[in-house]
Each structure stands twice: as structure tokens, then as C-alpha cells.
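S.K.: The structure is given below, and queries will be raised subsequently.
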């Protein structure tokens with residue numbers, strides 16, 4: 027019962043679920059968990075004890091500013107790239123007590139403590155008792171632009187990434203800001219975001235940290251761009267930015283906020299939010315002194331990601347590439363009829379890209395920036411194609427090179443758009459999960475194994491399935507097989523038992539149907555216009571033509587012409603293809619939850635109607651009968 031409660035609490039949290047599984051199976055990996063070494067070597071000097079905490083603080087607080095110092099002086103200022111018409115003036119709205127309580131409930135229920143020793147777990151529960159003075163203080167801040175200094179102190183815990191353990195650069199700072207500061211930031215964030223959305227100030231190229239969006243949409247639109255240029259050679263460049271969030275220049279950011287309509291108390295509040303910020307490092311009770319943060323948006327904050335989006339919002343208009351952004355993940359697209367012309371134009375535009383980043387005091391990492399050429403004939407793939415970023419040649423990704431794929435917001439793309447590398451990556455994950463599921467089938471009850479399936483298997487299969495789901499059947503077969511193995515372990519049946527009834531009993535969609543289901547749900551959001559404009563583009567509706575026949579074209583999308591099999595993975599082709607198969611009665615359902623339920627029931631009805639196995643001497647059936655007897 028102890029573990030049952032723990033698994034219920036970990037519902038939807040992959041990390042907690044994995045840790046619990048290891049604990050149940052006696053494979054707790056605390057011994058292999060990277061503890062921070064007691065001593066670090068820096069510039070020939072051995073640091074130990076509190077000096078290690080001091081070293082972390084010095085590194086984390088200065089890394090962004092150090093990068094900015096190494097950038098050459100720009101030829102033009104960052105604000106010269108701001109080309110929009112004059113923006114309306116932004117004003118904060120006064121708060122009421124009920125809105126404070128609403129925002130308090132939006133805080134994540136965490137017990138981690140900030141500088142003030144108060145967790146969001148506590149703030150959520152005491153908010154009703156202190157809502158009146160809290161509302162008064164927050165309104166004063168919005169009116170005057172003043173932010174208490176205690177709101178601007180972050181407690182930092184280093185988290186090891188990879189590499190040498192005694193190198194400060196191999197750790198990621200986990201910043202914990204005060205819970206009351208997070209509550210205030212939720213309010214500022216929503217009002218600022220609503221203003222940008224209301225006046226359509228965000229670039230359509232940005233898919234990160236926006237309502238209704240997810241990482242795969244940026245990749246989907248990139249693939250749609252390749253689809254639209256089927257007759258041409260396409261070039262994709264995948265930019266890597268060094269410490270992007272840490273490098274934001276406060277002065278430039280404030281100038282951009284002023285351009286977008288911030289003035290008076292509103293601009294003063296943002297100024298006070300960015301300046302005089304401090305952080306300290308806490309390593310198992312060893313605490314460093316405070317260090318001032320002179321660059322970057324606050325890590326671990328609610329408002330930081332939005333400020334970063336505003337900072338890079340004008341990048342897509344600075345060059346002639348077609349940009350696809352998910353926060354700092356930047357993909358650039360260009361096409362041409364010949365390799366030579368494409369190369370010349372790409373180099374010219376890359377120089378403009380580098381000029382924008384220099385003007386905004388951000389450094390590109392040429393060693394990690396890569397490019398792929400799509401839709402090249404096999405005869406032309408061996409032809410040289412070099413483009414430079416600064417003084418360095420960019421790395422080309424192809425089947426003939428050392429780098430076979432590029433990772434774009436978690437999706438592995440190759441030059442054939444085959445997704446074979448991405449599917450192999452998914453298979454590797456699922457094999458690990460299947461091993462653990464097989465070990466736990468005699469330890470955990472079935473409904474807990476079902477919770478684990480939803481947390482670890484379904485989430486892995488669903489991520490980017492609207493993209494990889496249109497890969498060749500021979501490529502997808504391995505995932506179908508491993509899903510069946512896992513579902514048998516969830517049910518606790520023999521290894522070769524028929525799975526149709528198991529999928530039906532557990533309410534789980536088969537991989538093929540899960541992929542089509544997600545494509546259809548995306549189609550629903552596009553057809554009924556519940557998704558943002560930049561996601562709904564590229565799909566056109568057919569006119570409602572009711573001929574009174576089964577071939578009636580009611581509520582259908584236009585399916586674009588597809589020249590090659592490789593282009594069928596583009597969502598602008600696969601999504602309308604899946605959507606158009608649906609019955610009109612399903613497509614006319616406007617409520618998303620009701621629509622999802624009806625579509626799932628449609629698949630389960632198909633499972634019910636599937637005939638029983640009548641194969642003579644079927645191994646699976648004979649084993650099932652033998653087991654039941």
C-alpha cells in the first residue's frame with residue numbers, strides 16, 4: 027500500500043515514476059548519482075568547502091557577461107532591427123483579492139525553500155488568510171514600479187550535466203526564487219503576455235512558451251516548409267546559442283520593452299526587476315556569499331522566459347531565412363533551384379544572422395551549429411557544400427558524414443526525413459521500460475502498472491508522433507512490437523498472447539491508432555480554430571459540397587500534392603489525410619474533450635468488431651488455453 031500511494035502521487039511525473047520503480051526493484055541508483063566533489067581545481071588552485079560554493083556562485087553569476095565581453099563591437103545597435111509600427115501603451119491592471127487567490131492556486135505545489143524560507147506549498151495554503159495585505163502590496167508595486175529586494179535573491183543548487191565533475195561549467199544552476207516573488211511574477215507575466223497576444227506583437231516564428239503550443243509544432247512547420255518547396259533543394263540550419271538565457275543584455279531588453287509600449291511605472295517595474303538581483307549557492311548547507319547578476323533573465327523565474335521571447339522577437343525579420351523558434355532553439359530554412367545559388371544566398375543571410383546576434387550581445391556556437399540539405403538527388407549528395415559562421419565551417423549532417431541526424435527540440439531529423447534515428451531512439455527507451463515492467467509484474471498490482479504505462483510509455487510514444495508516425499511501416503514495426511510486449515506485461519499475460527482484447531480491456535490505443543488519433547486532434551484544433559494562428563497556417567479548407575453521397579466533401583481539408591514518399595511525413599499532408607477519413611458527425615463536434623472521447627470510442631469499437639483468431643494450431647491460442655486450464 028505504501029508504494030501504491032507513492033505511484034498515485036507520482037502520476038504524470040516521469041522522473042518520480044522511474045525513481046519509484048528502481049526503488050521497488052531494489053535498483054536504487056543513489057550510489058551512482060553524481061555527488062558534487064568536495065574539492066575543485068581552478069587555475070591550478072584547489073578549492074574546498076565553502077570555496078566550492080563560492081566558485082559556483084562566481085561562475086553562474088558571470089558566465090553571461092563574460093560571453094558578451096568576447097563579442098566584437100557591433101556595426102549597428104540592437105534597436106535598429108525593430109521595424110514594427112508604433113505600439114500601443116501598456117498599463118498594468120489593478121488586482122482584486124479573488125485574482126490573488128486564483129494566481130496562488132496556479133503556483134506549483136512544491137516544498138523547496140527560497141531565500142525567505144517559505145515554500146509555494148505554504149503560500150498556496152496561507153493565501154486566503156493574508157490575501158488583503160498581499161493584494162494591497164502587489165497593487166502598490168504595479169503602480170509605483172517598486173519590487174522588494176527580498177524578491178530578487180535566488181538560492182542556487184548546482185546540478186551535474188556531464189563531463190568532468192570538478193569543472194564548474196559542467197553543472198546547471200537550479201535557481202529557487204522566493205514563493206511570494208513567483209506569485210507576483212505570475213501576475214506580471216499574464217498581464218504582459220495578454221498585452222502582446224492582444225495586439226499580435228509576438229512573431230509568428232516563435233512557438234515556445236506560448237499557450238496551445240508545444241515543441242513539435244516548430245519542427246512540424248519546418249517540415250511543412252520543406253514540403254512546400256518540393257521542386258527545390260531545401261537547406262535547414264540549426265543554430266546553437268551559447269548560454270542564451272544568461273546572455274540577455276538588460277539595457278537592450280529595456281529598450282525593446284520601451285519600443286513595445288512600456289513606459290512610466292511599467293518600465294520602471296521591469297527595470298527594478300532586472301537590476302540589483304543577487305544569487306547564492308547552497309551545497310548541502312555550505313552557503314556562498316551573494317553575487318550580483320549583471321546579465322541574463324532570472325533562471326527559475328516565471329517572467330524570465332517571456333522576457334527572453336521579447337528579447338529575440340525581432341530576430342526573424344533581420345534576415346531572409348524562414349525562422350522557426352522554440353525559445354532559444356532556432357531553425358533556419360532556405361530553398362533554391364541550384365546548389366550554387368543556394369550556397370551564395372545562405373552565406374549572405376548567415377552573415378546577417380551573425381550581425382543580429384552580435385548587436386544583441388549574444389554569441390553563436392559555430393561548433394554546434396549544423397545544417398542539412400534536403401531533397402538532393404543521390405548523385406549530388408557528394409558535391410561539396412560549405413557555409414561559414416564567422417571563421418568556422420559549419421558541420422553538415424548526412425548519411426555520409428559522422429553526424430547522421432540533428433536533434434531539434436527532442437526530435438531527431440535526418441536528410442531523408444525517414445525518422446529512423448528518432449524511432450531507434452524511442453525503441454531504446456521503450457526497451458528499458460519493458461525490462462523494468464517485466465521485473466515489476468509480480469511486484470506491483472495491474473492498475474499501478476497501468477499508471478506506469480501512461481507515465482513512461484504513452485508519453486514517449488505520443489511525443490512527436492504526428493511527425494514520425496508517417497514514416498515507412500517497416501520503420502515503425504519495431505515500435506508496434508515493443509508496445510505489444512509492454513502491454514502484455516501490464517496485463518500480466520504470456521509473452522505471445524494476442525493483444526487486441528488486452529488493448530480494449532485496458533483502454534489503450536494501438537500505436538497506429540495512437541498516431542492517427544493525435545493527427546486528428548491536431549486537425550480538430552486547426553479546423554475549429556482553437557490553436558494559435560502560426561500553427562493553423564498551411565492547411566486550407568475545402569468548400570462545403572454536399573452531393574448527398576458518401577463522397578461528400580463536408581468539413582474536409584485540401585490534401586496537397588505530394589511528389590515523393592519522404593514528404594508524406596510533413597504534417598500539412600499527414601494531418602488532413604487523417605482528418606478527412608473521419609465521419610462528418612465526428613468532425614462537427616466542436617468541444618475538444620467530447621471529440622476526443624468519441625474518436626477513442628470509434629477505435630475501441632473497431633477492436634470489438636475484430637474477429638477472434640481462427641488459425642489452426644495457433645501457438646498463442648494454445649498457450650492461452652493451456653494457461654487457463
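In this note's numbering, the protein residues as written are 27 to 655. Using N, Cα and C, we set each Cβ at its ideal position, and we do this for glycine too.
Sorted by chain position, which residues of the same chain lie with C-beta nearer than 6 Å to residue 379's C-beta, five sequence neighbours on each side aside?
M.R.: Excluding sequence neighbours, residue 379 sits near 345.
S.K.: From residue 245 to residue 434, what distance separates their C-alpha atoms?
M.R.: C-alpha separation (whole angstroms): 7 Å.
S.K.: Our contact map puts residue 187 next to residue 197 with C-beta atoms below 8 Å; I'd like the distance itself, whole angstroms only.
M.R.: That belief holds up - the Cβ atoms of residue 187 and residue 197 are roughly 6 Å apart, short of 8 Å.
S.K.: Distance check for residue 372 and residue 348, CA to CA, integer angstroms please.
M.R.: Roughly 11 Å between the two C-alpha positions.
S.K.: Terminal residues of the continuous beta strand (DSSP E) containing residue 399?
M.R.: Run containing residue 399: 396-400, per the beta strand (DSSP E) assignment.
S.K.: For the alpha helix (DSSP H) containing residue 90, list its first residue and its last residue.
M.R.: Note, residue 90: alpha helix (DSSP H), 76-95.
S.K.: Which residues in the same chain have their Cβ closer than 7 Å to the Cβ of residue 56, if we skip the five residues on either side of it in sequence?
M.R.: Note on residue 56: pLDDT 45, under 50, position unreliable in the model; the coordinate value appears next. So no residue of the chain qualifies.
S.K.: Quick check: what's the CA-CA separation for residue 357 versus residue 247?
M.R.: Residue 357 and residue 247: Cα-Cα distance of roughly 10 Å.
S.K.: Since residue 301 contacts residue 276 with CB under 8 Å, what's their CB separation in whole angstroms?
M.R.: At roughly 7 Å, the Cβ-Cβ gap stays under 8 Å, so residue 301 and residue 276 are in contact.
S.K.: Are there 16 or more other CB atoms within 10 angstroms of the CB of residue 85, so buried, or fewer, so exposed?
M.R.: The residue in question, residue 85, is buried, as its Cβ has 16 or more Cβ neighbours within 10 Å.
S.K.: Is it buried or exposed, residue 559, if we count other Cβ atoms within 10 angstroms and call 16 or more buried?
M.R.: Exposed: under 16 other Cβ atoms inside 10 Å.
S.K.: For residue 510 and residue 316, I'd like the C-alpha separation in whole angstroms.
M.R.: Roughly 54 Å between the two C-alpha positions.
S.K.: Give the list of continuous alpha helix (DSSP H) stretches no shorter than 4 residues that lie fully inside the segment 428-485.
M.R.: Here the runs fully enclosed are 446-466 and 472-478.
S.K.: At which residues does the alpha helix (DSSP H) containing residue 539 begin and terminate?
M.R.: Run containing residue 539: 537-553, per the alpha helix (DSSP H) assignment.
S.K.: Can you look up residue 613 in the DSSP assignment and give me helix, strand or coil?
M.R.: Three-state result, residue 613: helix.
S.K.: With 16 as the cutoff for other CB atoms within 10 Å, does residue 292 come out buried or exposed?
M.R.: Result: buried.
S.K.: Beta-carbon separation of residue 492 and residue 548 under 7 Å?
M.R.: It is a contact, given that the beta carbons lie within the stated cut-off.
S.K.: For residue 60, I'd like the list of residues in its chain whose CB is within less than 8 Å of its CB, leaving aside the five on either flank, ordered along the chain.
M.R.: Interpretation of residue 60 is limited by its pLDDT of 48, a score under 50 that renders its predicted location unreliable; the figure taken from the coordinates is listed afterwards. The residues are 186 and 191.
S.K.: Closer than 7 Å by C-beta to residue 413: which residues in its own chain qualify, once you throw out the five before and the five after it? Chain order, please.
M.R.: Within the same chain, residue 413 has close Cβ partners 369, 372, 373, 376, 397 and 420.
S.K.: What first and last residue would you give for the beta strand (DSSP E) that runs through residue 349?
M.R.: Unbroken beta strand (DSSP E) run through residue 349: 348-352.
S.K.: Answer with buried or exposed for residue 589, where buried requires no fewer than 16 other C-beta atoms within 10 angstroms of its C-beta.
M.R.: With fewer than 16 Cβ atoms within 10 Å of its Cβ, residue 589 is classed as exposed.
S.K.: State the Cα-Cα distance for the pair residue 146 and residue 205, rounded to the nearest angstrom.
M.R.: Spanning the two alpha carbons is a distance of roughly 5 Å.
S.K.: Use the C-beta contact count for residue 587: other C-beta atoms within 10 angstroms, 16 or more gives buried, fewer gives exposed.
M.R.: Counting Cβ neighbours within 10 Å, residue 587 comes out exposed, since fewer than 16 surround it.
S.K.: In the DSSP assignment, what are the bridge partners of residue 390?
M.R.: For residue 390, which the question treats as bridged, DSSP gives the partners 267.
S.K.: Secondary structure at residue 418, three-state DSSP: helix, strand or coil?
M.R.: Note: residue 418 maps to strand in three-state DSSP.
S.K.: How many Å lie between residue 318 and residue 87 at the Cα?
M.R.: Answer to the nearest angstrom: the Cα atoms are 7 Å apart.
S.K.: Using the DSSP secondary-structure output, state which residues sit across from residue 307 in a beta bridge.
M.R.: BP columns for residue 307 point to 182.
S.K.: Our contact map puts residue 153 next to residue 127 with C-beta atoms below 8 Å; I'd like the distance itself, whole angstroms only.
M.R.: Going by Cβ atoms, the distance from residue 153 to residue 127 rounds to 6 Å, so yes, they are a contact pair.
S.K.: Can you tell me where the alpha helix (DSSP H) with residue 335 in it begins and where it stops?
M.R.: Counting along the chain, the alpha helix (DSSP H) containing residue 335 begins and ends at 330-337.
S.K.: Output yes if chain B places a C-beta closer than 7 Å to the C-beta of residue 102; else output no.
M.R.: Here chain B cannot be found, since the structure has a single protein chain.
S.K.: Would you check if there are 3 or more beta carbon pairs closer than 8 Å linking the segment 87-102 to the segment 116-136?
M.R.: Too few Cβ pairs lie closer than 8 Å, so no.
S.K.: Do you know whose CA, among 338, 321 and 71, lies nearest residue 286's CA?
M.R.: Minimum Cα distance to residue 286 is reached at 338.
S.K.: Whose C-beta lies closer than 6 Å to the C-beta of residue 518 among residues of the same chain, with five residues either side of it excluded?
M.R.: The answer, listed in chain order, is 467.
S.K.: From residue 83 to residue 173, what distance separates their C-alpha atoms?
M.R.: Those two C-alpha atoms are separated by around 23 Å.
S.K.: Roughly how many angstroms lie between the CA atoms of residue 578 and residue 532, to the nearest whole one?
M.R.: With a pLDDT of 48 at residue 578, under the threshold of 50, the predicted position of this residue should be treated as unreliable, and no value is reported.
S.K.: What does residue 133 pair with, by DSSP beta-bridge criteria?
M.R.: DSSP, once it has assigned bridges, lists no residue as partnering residue 133.
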